[in-house]
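Colleague:
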Amino acid sequence: MNFKKTKIFPFDFFNNKKDYHTLKLDQIEKLFKTNFQNGLSSAQAQELLVKNGPNKIPISYSTLYLAIFRSLFGGFAALLWIATILCILVYKPLSDPANPAYLITALVILLVIFFQSFFISFQDWSSYNTMKSIQNLSENLATVIRDGLTKKIPSTDLVIGDIVLLNSNSKVPADIRLIEVSSLRLDKSLLTGESEQIDATNEKCKNIDKKTEYFESNNMAFMSCFITYGSGKGVVVGVGGDTLIGRISYLTDLKITRKKTLLQREMNRFSITLIIFYSFAVLIYILVWLTWLRVSFNPSVKNFFMDIFVIIISGVPFGLPVTISLALIIDSKKLKKFNILVKNLNAIEALSSVNVIASDKTGTLTQNKVHVVSVLLGLKEIDIGSCYFNPAVYLGVDKSILELLAICYLGNDFNTKNENSIDIALFNFSDKNLKIPKLEKCYKLLDEIRFNSKNKYHVKLLKPVDLATHSRLFSSKSLLDRDLNFIIVKGAPDILYAKCKWIIESNGNLTSINSSAWERLKQIQATWSTLGRRVILLCKKLITPREQDQLNQQSLENFFKKSCNDLCIVGMIGLIDPPRENLCDIVEKLRKAGIRILMCTGDYSLTAASIASQIGILSNLRYDTLMKLRSKKVNINPNKKFSGSIVLSGRDIDLLTKEEWNLICNKYEEIILARSSPDHKLRCIKELQMNGYIVGMTGDGVNDAPALKNADIGIAVGSGSEAALQAADIILLDNSFSYIVTSIENGRLLYYNIRKILLYLLPSCVFCQIISTLCNILVGLPMILSSYQMLIICILTDILPSIALIFEKPEENLMTKPPRKNTDFLVDKRLLLQAFIFLGPLMSFFSSLNFFLYFKWNANLKFSDLVLTFDNWNEGSHGISRKDFESYLSGAQTSAFVSMLIMQSFGNILATRTRYLSLFKSFPLRRQNRNVVLFLSSFANILFLLILVHIKCFNILINTKPIGVAFYALAFVYSMVIILADELRKLLLRKNILPKAVGW
């Protein structure tokens, strides 16, 4: 069979049909010219690597390119593109002669679009590099058999026909046809979107559905799928672009549609608000044009359309996208100082709305430093939490201690790097006290059933090799036949109890478990669980010759499920994973901030409730269960929002109805999910979202990835799995849960500061400029601000103070306020009222006043002399030539420009920086409210203004003119009036004299 490097076409990747899943193993071995035992030779592998290329996916459009595309044409940028097109149309052919100001405006808008795109793309690139450095901490290697030897090679060097060994907690390095499996389970959610894991097999598929079977076949492991547990062996059938994910990568890149964040939705809504505002202004013009201008002045239709375009162009806040982008980037850099990596910039502001935090327990709420604190030998309890444990002390009275330690030791996985905290704790405990080096060499592993979130137990079938060591350890009478195989089991007690029949005594004898023994076992388990301990049951079983014959005919898994009901209990182990430091304080802060905390764990319900109580998530241990919920749901008060706590197990979650989910989401403040699987976490998040909650999910494991990806905000810890890091929006690099509080507080502050930015920009960039344009078009007044001056205000002088507002400190303790509601829009009626009814008219009036005062003082022209001139001054009118009028107009526009810029830099900025607090109590230079950047930006604007007005080359370039000191003085007086007027408004608000609608 000829394997070629082919170009991947996006819409025909189904054409090259694969049927490897339908072939027998001997056919596979022959097809790929390989050997299942010895693998390929090095020469064959090198030849195939040169022929087919490295095992890398050729992506047509990378995520970075897509981010650039979206930043160029998505959201508010679309409005800027419309303005650009309109500017070009006004320049030519509508203007006669062509007005270069509009061409320059179009070019400047294009620069704004590209600058915004650059800032966003740079941040995405920076986050990508950080992510790459995190993921590359462990080298991406594959274990292969070549030349009859097992070796590790870079996964990019894999070739078709390679024999690959697969182990748990790793990704499949290529498309692989499985030839051997041992309890192998795969997570194919990356390809299928389904979080349910599948049991892998090496058998060929039957009842073939030719269109879909290849993708769903259980004997195929596809590149980038996660191996959740188990081990296996397979032959590589596809590499690089010839893999399944390689063939669909192009379409995947195009079809990835992530749910829009709140900020993105808000900016889209703001764009619609502006369009409505423009439409209203255009409608006014059309009505005036139809009823008066067309009748009295008979303008051309060409001028009619040009005027409409000019109205729209004049009201677009060109600097807003750059300002918002810079604000997000600055805020992400601020968070990075706390080792918080922001992958999705828009996620920062969305934190202001989070009202539920769903958190995984292990490794997130706890330190993931599990250690043994309690031991049960048979029915004898030994608490070792506060004393030194010496097994020699117990050997004289209890022979089972060595068996317990041996099971703890042998239950580990010695073939792969073990990263399970429970297994590590058991191994360390037994290794420290057993002191038999390389005990695993004394036994041969025949088969095993690996632990997973479904079965919750780990089974090993062992054959003794060193009979002397075996006799020393397992000296009880239950294993008189030393050369027989035996089973060791560890797992959740409530799952394994049903399979237990015997319990070991102090003298090594076995006795059947009677009712009092059951009561004692369950009482100890409950006691340990209420102390927050994870309880592990340890069992053994001798395999008789008859049972061995059964095992030869079926898998260990089937035998254990169907025939293994006489396990012997050796003991129980109690482990504890200490909570992270100061977690109670963090939970209390989140609760005061109106945020509910939901804990997800695989622990037993009592253990989960105890740990949740210790860290403050559960107020007390008097909580509801599903049974209690069903008994009292008829009497639940529908008008009461939250009432108490509830602890649900995985089984409970599977039984919940839609009505019960609604009650749980809306009536319980504290929710604990015990014995929960990835499906349960995802289900809970979806139900909360459907009930209108904004959910943040924190986690670190592969099993948290589906929930992280589907939550409104996914927050992963830096030490988490690659799957969790990829799915998250925000990563806590130093693994500290406390920085969630920092992130949320920062998100809330960012929301208020972005509102301040919008309020600062709207009066000058939208209201004043549209009013100036409408006065020019409707009543024939000269343009109060020239096109160049409008651009300078929007693009240059307004940006620095806007950025300074990002550094504003909170006016109050934001973490004592409830989260922002979905109805609390970024641009709401109150903000528009402040911008367009209060600040906008004031600034428009004062800048116009400076404009008309200049004409009065220098040309002795009154307001009535300027009305209906329509940019067409009659030569000699009022004794002023056209050339002199243009000079006076330049000075008047400069005086309006000066007043506008000074009012923006001092009046508007100081009025806008606080919502309720008086300026005199929150002065920017006071220690608790210090914002040096604000003053620096304001003085930079004044310096820039003086350069534009008094440097001759700029006078020629943007048609400005030096003006007298009086106009500067007036501008500062106007600024003071604006500040005092707003101070009066704030005072009346604080005194509750004015309605809240007047406070933005």
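Numbered according to this note's numbering, the sequence shown spans residues 42 to 1041.
Glycine included, each C-beta is placed from N, C-alpha and C at the ideal position.
(1) Suppose only complete runs of 4+ residues qualify. What are the alpha helix (DSSP H) ranges in the segment 754-805, listed by chain order?
(2) When the Cα of L624 is compared with those of V149, F156, L406 and L182, which residue comes out closest?
(3) Quick check on T698: buried or exposed, where buried means 16 or more other Cβ atoms within 10 Å of its Cβ?
(4) Just list the residues that DSSP pairs N208 with in beta bridges.
(5) Rounded to a whole number of angstroms, what is the C-alpha to C-alpha distance between L572 and N550?
(6) Can you tell me which of the three DSSP states M660 falls into?
(7) Relative to the C-alpha of L376, which candidate in G917, H991, V782 and V973 has its C-alpha closest?
(8) For the beta strand (DSSP E) containing E221, name the first residue and the last one.
(9) From what residue to what residue does the alpha helix (DSSP H) around I652 run?
(10) Is the CB-CB distance between I652 and C609 below 8 Å?
(11) If you measure between the beta carbons of I371 and Y319, is that distance less than 8 Å?
(12) Exposed or buried, C994, counting other C-beta atoms within 10 Å across all chains shown (16 or more means buried)?
(13) Please report the distance separating the alpha-carbon of S784 from that of R632.
(14) For a test of the three-state rule: what should DSSP assign to S341, helix, strand or coil?
(15) Following the continuous beta strand (DSSP E) through V557, name the residue where it begins and the one where it ends.
(16) Which of the three DSSP states is assigned to D67 in this structure?
(17) Find out if the Cβ-Cβ distance for the pair I627, F492 is shorter than 8 Å.
(18) Only counting the same chain, and skipping five residues up and downstream in sequence, which positions put a Cβ closer than 7 Å to that of F926?
(19) For D741, which residues of its own chain have a beta-carbon under 7 Å away from its beta-carbon, when the five flanking residues on both sides are left out?
(20) Could you check whether S556 and Y645 sit closer than 8 Å to each other, using their CB atoms as the reference points?
(21) Below 8 Å, can you find three or more Cβ-Cβ pairs linking the segment 326-341 to the segment 118-133?
(22) Taking the beta strand (DSSP E) that G532 falls in, what are its first and last residues?
(23) Along the beta strand (DSSP E) that carries K497, what are the first and last residues, could you check?
(24) Rounded to whole angstroms, what is the Cα-Cα separation between N996 and I1034?
(25) When DSSP builds the beta bridges, which residues end up paired with W543?
(26) Over what stretch of residues does the alpha helix (DSSP H) that includes E24 continue unbroken?
(27) Does the Cβ of L120 lie closer than 7 Å to at least one heavy atom of the ligand SAH?
(28) Run the CB neighbour count on D590, radius 10 Å, all protein chains shown included, and call it buried at 16 or more, exposed below.
(29) When the Cα atoms are used, what is the spatial distance from I847 to L907?
(30) Check each candidate in N409, I423, H499 and N891 and name the one with the smallest Cα separation from Y450.
(31) Less than 8 Å between the beta carbons of I638 and I381, yes or no?
(32) How far does the alpha helix (DSSP H) with R968 in it reach, from first residue to last?
(33) Within 10 angstroms of its Cβ, does I317 collect 16 or more other Cβ (buried), or is it exposed?
(34) Beta carbon of P804, beta carbon of G881: below 8 Å?
(35) Check the DSSP bridge columns for L578 and list the partner residues they point to.
Modeller: Concretely, from the data shown:
(1) 763-768 and 780-803
(2) L406
(3) By the neighbour-count criterion, in which 16 or more other beta carbons inside 10 Å mark a residue as buried, T698 falls on the exposed side.
(4) S272
(5) 31 Å
(6) Looking at the sequence provided, one finds Ser at residue 660 rather than Met. Coil.
(7) V782
(8) That run of the beta strand (DSSP E) goes D216 to D228.
(9) Run containing I652: S646 to Q655, per the alpha helix (DSSP H) assignment.
(10) no
(11) Between I371 and Y319, the gap from beta carbon to beta carbon reaches 8 Å or more.
(12) exposed
(13) Those two C-alpha atoms are separated by around 15 Å.
(14) coil
(15) Note that residue 557 corresponds to Ser in the displayed sequence, not to Val. Premise fails: S557 lies in the alpha helix (DSSP H), S556 to T571, not in any beta strand (DSSP E).
(16) Residue state, collapsed to three classes: helix.
(17) Their beta carbons are not under 8 Å apart, which means I627 does not touch F492 by this criterion.
(18) W914
(19) Counting only Cβ-Cβ distances below 7 Å, and skipping sequence neighbours, we find D401, G404, T405, A757, V758, S760, G761, S762 and A765.
(20) Not a contact, by the Cβ cut-off of 8 Å.
(21) no
(22) F527 to G532
(23) Careful: K497 lies outside any beta strand (DSSP E) and carries neither H nor E.
(24) 49 Å
(25) S553 and C609
(26) Lying outside 42 to 1041, the shown extent of the chain, residue 24 is not represented and no answer is given.
(27) Within the structure as shown, the ligand SAH is missing, as the structure has no ligands at all.
(28) exposed
(29) 42 Å
(30) H499
(31) no
(32) Neither: R968 is in no alpha helix (DSSP H) and is coded neither H nor E.
(33) exposed
(34) yes
(35) G532 and M613
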